[in-house]
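Letter 21 of the sequence shown, counting from 1, is numbered 21 in the UniProt record's numbering, and no numbers are missing. Heads up, the beta-carbon is just placed ideally off N, CA and C, and yes, glycines get one too. It should be emphasised that the depicted structure is a prediction, and the values quoted were computed from it without experimental measurement.
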Amino acid sequence: MPADYPPEIVKEGQVTVVALGPEYENLDEPRLDALTDVLLQVAETASPPVVVLDLSHTSFFGSAFIEVIFRMWNRLNHREGGKFCICGLSEYCTEVLEVTHLDQLWETFPDRASALSALNS
């Protein structure tokens with residue numbers, strides 16, 4: 001993944017949103033190197049530790065990205081007040097989380113607005 005395409009990281013209220021753009025449509029292993037470092041850094045430094053991962057432009061991810069999400073969630077989960085959710089999942093990505101039962105671990109929302117509403121309340 002070229003370093004020229006970092007994910008968008010914005011603060012909305014008390015929530016840090018990490019939005020993966022169209023460059024991250026297919027999150028296969030070669031694209032994960034630089035992205036992994038960014039996501040784990042956000043999990044360690046977001047203040048407060050409340051993060052939404054917006055995957056609205058991502059139509060495919062595999063087990064390597066699931067591991068990255070898990071590591072991100074785990075770092076947030078161990079911080080006081082840590083919260084994490086995912087929004088904008090494609091049908092395929094939703095199915096992957098359901099099959100792996102990770103949809104029971106991570107709260108998901110159809111869009112950023114509903115995720116922000118839930119986490120900012």
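Contact check, residue i vs residue j, beta carbons under 9 Å
i: I66; j: I86; result: no
i: L55; j: Y5; result: no
i: P7; j: L27; result: no
i: T16; j: V38; result: no
Residue burial classification, residue i (beta-carbon count within 10 angstroms, cutoff 16)
i: L105; result: exposed
i: V96; result: buried
i: K83; result: buried
i: G88; result: buried
i: T58; result: buried
i: residue 131; result: Within the shown structure, residues of the chain are numbered from 1 to 121, placing residue 131 beyond reach of any answer.
Of the listed residues the options, nearest to residue i (C-alpha basis)
i: E80; options: R71, H101, P48; result: P48
i: R71; options: T94, V15, S117, E44; result: E44
i: D33; options: V99, A115, A64; result: A64
i: V51; options: F60, T36, W73; result: W73
i: V10; options: P22, A46, E29; result: A46
i: T100; options: F61, L76, A113, N77; result: F61
Collapsed DSSP secondary structure at residue i in the structure displayed
i: T108; result: strand
i: L27; result: strand
Residue i at chain D interface by Cβ criterion, 9 Å
i: E29; result: This model lacks chain D altogether; it includes just one protein chain.
Residue ranges of each alpha helix (DSSP H) within the UniProt domain "STAS" (27-121), 4 or longer: For secondary structure counted as the alpha helix (DSSP H) over 4 or more consecutive residues, the UniProt domain "STAS" (27-121) holds these complete runs in sequence order: 32-45, 63-77, 91-99, 112-120.
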